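Undergrad: Sharing a structure below in structure tokens format, with a few things to ask.
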Ligand SMILES: Nc1ncnc2c1ncn2[C@@H]1O[C@H](COP(=O)(O)OP(=O)(O)OP(=O)(O)O)[C@@H](O)[C@H]1O
Ligand SMILES: [Mg+2]
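Chains as they are written, first to last, in the UniProt record's numbering: chain A, 1 to 403; chain B, 1 to 234.
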């Protein structure tokens, strides 16, 4: 079509074009990177934790009475829980995955080798912890009841065996999970622990921790006055069982209080709340920027059309159909936006490089750039449709009428 | 080639009705050069707009080349303007952001003509008005007379059979106006029908036929040349 003349005419009115193109470029840069960040967060939030999240809840029991015996209470409570119809299994554990609170340590292959320790989350859990969490054992064996060490919080000696995640096994031994079984690893205090099993996945408690897939389960019950019970129910039984379990535990022992009755789903939601809030803020930023840019495009189009009313009338007089006028302004917008999105592509990449270097973010996927260009071209076209249609309706008689 | 019978044009706004044309009946033959004169507001431009299909009319019949143009759609009228009619305006109406070449190119673009043929025609049209050497210039770099010559080149480039000019010399001094008038006359000599509105009686007197408008009607229509011939015969 009239590509050449439109471009040459545009180049004679650089200022408005440059300003709008810059705005488009800036908007595209922010949008592309914001969408990328949103998707990154989304992927983080969607990672499975390895546990049967849909059917898990937990409750904390805190003893206060003079006659409270935590060890006995745990045995008694777990018996009751496991006998409750609808409960698949239950265990006692020190921390909940993805809950943002727990403990970590480092393991090495040589005693006292602090230099090459591999960081890992640690879970101290009672018997049947794997079945309770719904973990998949991919090598070795589960703990036996006799493996479980009951110890005071002040003791630094761990149980002699551990089950680790595949990620941790691969990091420690640089080999497949199977070959980790039977090996010894060392705690920072130099104690040798035998790896008896490997599970496919169990995330640590901290969602943003880079080593989140490194976890180790010790068969230990720590007696420290408070015990967290993790309870797995049959599908669909959670809502019914949560109040029932709380009531049952409360009635069974009046020497303690019960706290933190919560589902895994709620725990996850709370841990990722900042991320979902940030995502929402970014969406608002994107929508606002698109709106402002669209308004800028509308403004420029209306202004330049009003300035050229007589020219448009003259074009109509010389034989331009309404469609030709409409196409003229749509095409003109494609060119302005085209300059904008080309600059935007360069700027988006530059900005992403900056983010990568400063905040250690991963590099943007290439297809975000053409997608961003396409979106902004589309925004431009939609913004300019109204003004262009108004331009197409300008009467040809304007050629002779207005001065 | 143009036949109007009892054409009326009423402009209606919320407050007033303006009878711009009251009753115009007119026949224009192929190859005529007609000038239209009359006081300001008598309907000259309105007549030209209707003749050039820029505007619709209220009443009456208009046949262009025997075709009843009342029934045409906006699209068809645009196509007809593009193919049959050339326009010249008092204030030239060139596109200020386009150079002379691109300006003359405008009507050809709407005809969907191939680039090579367009270029050829544009250069011939610019050459015929003596401005080919300045085809890369902007209108603002030309004098008024030169700009009007570019506008004439633009009107001619599509080889219309029918040229409409609304006070083409209105913004020009008398010398420059003379040049434009001569150009129009040579165009007419080549066979193009011309209707020109002018305020200049000396220009009007040089056309074969002058029509005087008064308050939306044709007051008198002199066939000067024909009358002259008749006188000579008698
Ligand atoms: N769009 C319009 N709306 C209302 N009235 C109009 C419109 N266009 C023209 N008129 C009126 O129609 C009448 C004829 O106008 P027209 O422009 O045809 O006159 P003219 O003979 O060309 O005058 P001039 O010599 O000043 O150019 C005038 O009274 C004018 O005010
Ligand atoms: Mg007029």
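Just so it is clear, CB atoms sit at the ideal spot from N, CA and C, and this is done for glycine as well.
Quick caveat, the model's predicted, so the values are computed rather than measured.
Is it right to say residue 95(B) is buried, meaning 16 or more other beta carbons lie within 10 angstroms of its own, or is it exposed?
TA: The residue you call residue 95(B) lines up with position 95 of the second chain. Its Cβ being crowded by 16 or more others within 10 Å, residue 95(B) is buried.
Undergrad: Any contact between the segment 384 to 402 of chain A and the segment 37 to 44 of chain B? By contact I mean 3 or more CB pairs, one from each, below 8 angstroms.
TA: The segment 384 to 402 of chain A vs the segment 37 to 44 of chain B: no contact.
Undergrad: Could you give the DSSP three-state label for residue 332(A): helix, strand or coil?
TA: Locating residue 332(A) in the first chain gives position 332, counting from the first residue. Note: residue 332(A) maps to helix in three-state DSSP.
Undergrad: Give the interface partners of residue 310(A) over in chain B, defined as CB-CB distance under 7 angstroms, in chain order.
TA: As a position in the first chain, residue 310(A) is number 310, starting the count at 1. Correct list: 93.
Undergrad: Please compile the residues from chain B whose C-beta is within a distance smaller than 9 angstroms of the C-beta of residue 346(A).
TA: Residue mapping note: residue 346(A) aligns to position 346 of the first chain, counting from 1. Neighbours of residue 346(A) on chain B: none; closest Cβ ~27 angstroms, over 9 angstroms.
Undergrad: How far does the beta strand (DSSP E) with residue 105(B) in it extend, from its first residue to its last?
TA: Numbered from its first residue, the second chain carries residue 105(B) at position 105. Here residue 105(B) belongs to no beta strand (DSSP E); instead the alpha helix (DSSP H) covers 100 to 109.
Undergrad: According to DSSP, what are the bridge partners of residue 3(B)?
TA: Translated into the one-based positions of the second chain, residue 3(B) becomes position 3. Bridge partners of residue 3(B): 27(B) and 63(B).
Undergrad: Chain B partners of residue 362(A), CB-CB under 9 angstroms?
TA: By one-based count along the first chain, residue 362(A) stands at place 362. The premise fails here: residue 362(A) is roughly 46 angstroms from chain B at the closest Cβ pair, so nothing lies under 9 angstroms.
Undergrad: Apart from the five residues just before and just after residue 231(B), which ones in its own chain have a Cβ nearer than 6 angstroms to its Cβ?
TA: Your numbering for residue 231(B) matches position 231 in the second chain. With a pLDDT of 41 at residue 231(B), under the threshold of 50, the modelled position of that residue is not reliable, and the figure given next carries that caveat. Excluding residues within five positions, none has a Cβ falling inside 6 angstroms.
Undergrad: Residue 227(B): buried (16+ other C-beta within 10 angstroms of its C-beta) or exposed?
TA: Translated into the one-based positions of the second chain, residue 227(B) becomes position 227. At residue 227(B), the pLDDT of 40 sits below 50, so the modelled position is not reliable; the number obtained from the coordinates is stated separately. Exposed is the call here.
Undergrad: For residue 234(B) and residue 209(B), I'd like the C-alpha separation in whole angstroms.
TA: Locating residue 234(B) in the second chain gives position 234, where the first residue counts as 1. Locating residue 209(B) in the second chain gives position 209, where the first residue counts as 1. Residue placement at residue 234(B) is poorly supported in this model, since its pLDDT is 35, which falls under 50; the coordinates are not used for a value here.
Undergrad: Is there contact here, the segment 148 to 167 of chain B with the segment 81 to 92 of chain B, by at least three beta-carbon pairs under 8 angstroms?
TA: With a cut-off of 8 angstroms, the segment 81 to 92 of chain B and the segment 148 to 167 of chain B count as touching, because enough Cβ pairs lie within range.
Undergrad: Determine the extent of the alpha helix (DSSP H) in which residue 140(B) is found, giving its start and end residues.
TA: Numbered from 1 along the second chain, position 140 holds the residue referred to as residue 140(B). Unbroken run through residue 140(B): none, as it is neither H nor E.
Undergrad: Below 8 angstroms, how does it come out for the segment 267 to 275 of chain A and the segment 96 to 106 of chain A: are there three or more Cβ pairs, yes or no?
TA: With the cut-off at 8 angstroms, the segment 267 to 275 of chain A and the segment 96 to 106 of chain A touch.
Undergrad: Can you pull the chain A neighbours of residue 106(B), defined as C-beta to C-beta under 7 angstroms?
TA: For the purposes of this step, residue 106(B) is taken as residue 106 along the second chain, with counting starting at 1. Neighbours of residue 106(B) on chain A, chain order: 315 and 318.
Undergrad: Go ahead and pull the three-state DSSP assignment for residue 39(A).
TA: For the purposes of this step, residue 39(A) is taken as residue 39 along the first chain, with counting starting at 1. Note: residue 39(A) maps to helix in three-state DSSP.
Undergrad: Short check: CB of residue 127(A) to CB of residue 148(A), under 9 angstroms?
TA: Reading the first chain from its first residue, position 127 is the one you call residue 127(A). Reading the first chain from its first residue, position 148 is the one you call residue 148(A). Yes, these two residues count as a Cβ contact at 9 angstroms.
Undergrad: Which value, in whole angstroms, describes the spacing of the CA atoms of residue 332(A) and residue 56(B)?
TA: The residue given as residue 332(A) occupies position 332 in the first chain. The residue given as residue 56(B) occupies position 56 in the second chain. Their backbone Cα atoms lie some 30 angstroms apart in a straight line.
Undergrad: From residue 225(B) to residue 31(B), what distance separates their C-alpha atoms?
TA: Here residue 225(B) refers to the residue found at position 225 when the second chain is read from its first residue. Here residue 31(B) refers to the residue found at position 31 when the second chain is read from its first residue. Only weak support is given to the placement of residue 225(B): the predicted model assigns it a pLDDT of 45, under 50, and the value that follows is read from those uncertain coordinates. In a straight line, the C-alpha of residue 225(B) is about 14 angstroms away from that of residue 31(B).
Undergrad: Excluding the 5 residues flanking residue 229(B) on each side, which residues of the same chain have their C-beta closer than 6 angstroms to its C-beta?
TA: In the second chain, counting from the first residue as 1, residue 229(B) sits at position 229. Note that residue 229(B) scores 41 on pLDDT, short of 50, meaning its location in the model is unreliable and no value can be drawn from it.
Undergrad: Should residue 71(B) be labelled buried (16 or more other beta-carbon atoms within 10 Å of its own) or exposed?
TA: As a first step, residue 71(B) must be located in the second chain, where it is residue number 71. Residue 71(B) comes out exposed.
Undergrad: Cβ of residue 200(B) versus every heavy atom of ligand 2: is any distance shorter than 8 angstroms?
TA: Locating residue 200(B) in the second chain gives position 200, where the first residue counts as 1. It does not: the Cβ of residue 200(B) is nowhere closer than 8 angstroms to a heavy atom of ligand 2.
Undergrad: Identify the continuous alpha helix (DSSP H) that holds residue 375(A) and give its terminal residues.
TA: Numbered from 1 along the first chain, position 375 holds the residue referred to as residue 375(A). Looking at the DSSP string, the run of the alpha helix (DSSP H) that includes residue 375(A) is 368 to 392.
Undergrad: Look at the alpha carbon of residue 14(A) and the alpha carbon of residue 109(B), and state the distance between them as a whole number of angstroms.
TA: In the first chain, the residue the question calls residue 14(A) occupies position 14. In the second chain, the residue the question calls residue 109(B) occupies position 109. Distance between the alpha carbons of residue 14(A) and residue 109(B) is about 24 angstroms.
Undergrad: Are the beta-carbon atoms of residue 88(A) and residue 171(A) separated by less than 9 angstroms?
TA: Taking the first residue of the first chain as 1, we reach residue 88(A) at position 88. Taking the first residue of the first chain as 1, we reach residue 171(A) at position 171. No.
Undergrad: Shorter than 9 angstroms from the beta carbon of residue 78(B) to some beta carbon of chain A?
TA: Mapped onto the second chain, residue 78(B) falls at position 78. Closer than 9 angstroms to some Cβ of chain A, the Cβ of residue 78(B) qualifies, so yes.
Undergrad: Please name the residue or residues paired with residue 193(A) in a DSSP beta bridge.
TA: As a position in the first chain, residue 193(A) is number 193, starting the count at 1. DSSP, once it has assigned bridges, lists 185(A) as partnering residue 193(A).
Undergrad: Check for me: the beta strand (DSSP E) holding residue 77(B) runs from which residue to which?
TA: Walking along the second chain from the start, residue 77(B) turns up at place 77. From DSSP, residue 77(B) is part of no beta strand (DSSP E) but of the alpha helix (DSSP H) over 74 to 84.
Undergrad: Can you tell me whether DSSP reads residue 69(A) as helix, strand or coil?
TA: Position 69 of the first chain, counted from the first residue, corresponds to residue 69(A). Note: residue 69(A) maps to coil in three-state DSSP.
Undergrad: Give a yes or no on whether the minimum CB-CB distance between residue 332(A) and chain B is below 9 angstroms.
TA: Taking the first residue of the first chain as 1, we reach residue 332(A) at position 332. Not closer than 9 angstroms to any Cβ of chain B, the Cβ of residue 332(A) fails to qualify, so no.
Undergrad: Using DSSP with H/G/I as helix, E/B as strand and the rest coil, what is residue 225(B)?
TA: Your numbering for residue 225(B) matches position 225 in the second chain. Unreliable placement is indicated for residue 225(B), whose pLDDT of 45 sits below 50; the coordinate value is still reported in the next sentence. In this structure, residue 225(B) counts as helix in the three-state DSSP scheme.
Undergrad: Given a cut-off of 9 angstroms, decide if residue 133(A) and residue 232(A) are closer than it, judged by their beta-carbon atoms.
TA: The residue given as residue 232(A) occupies position 232 in the first chain. The residue given as residue 133(A) occupies position 133 in the first chain. Cβ distance < 9 angstroms, so residue 232(A) and residue 133(A) count as in contact.
Undergrad: When the cut-off is 9 angstroms and only beta carbons count, does residue 232(B) lie next to chain A?
TA: For the purposes of this step, residue 232(B) is taken as residue 232 along the second chain, with counting starting at 1. Because the pLDDT at residue 232(B) is just 39, under 50, the model does not fix this residue reliably, and the point stays unresolved.
Undergrad: State buried or exposed for residue 38(B), treating a residue as buried only when at least 16 other CB atoms are found within 10 Å of its CB.
TA: Position 38 of the second chain, counting from 1, holds the residue named residue 38(B). Label assigned to residue 38(B): buried.
Undergrad: Shorter than 9 angstroms from the beta carbon of residue 43(B) to some beta carbon of chain A?
TA: Residue 43(B) sits at position 43 when you count from the first residue of the second chain. No, residue 43(B) lies away from the interface with chain A (no Cβ there is under 9 angstroms from its Cβ).
Undergrad: Does the structure place the segment 219 to 237 of chain A close enough to the segment 67 to 82 of chain A that three or more beta carbon pairs sit under 8 angstroms?
TA: As far as the Cβ criterion goes, the segment 67 to 82 of chain A touches the segment 219 to 237 of chain A, which means the pair count is three or higher.
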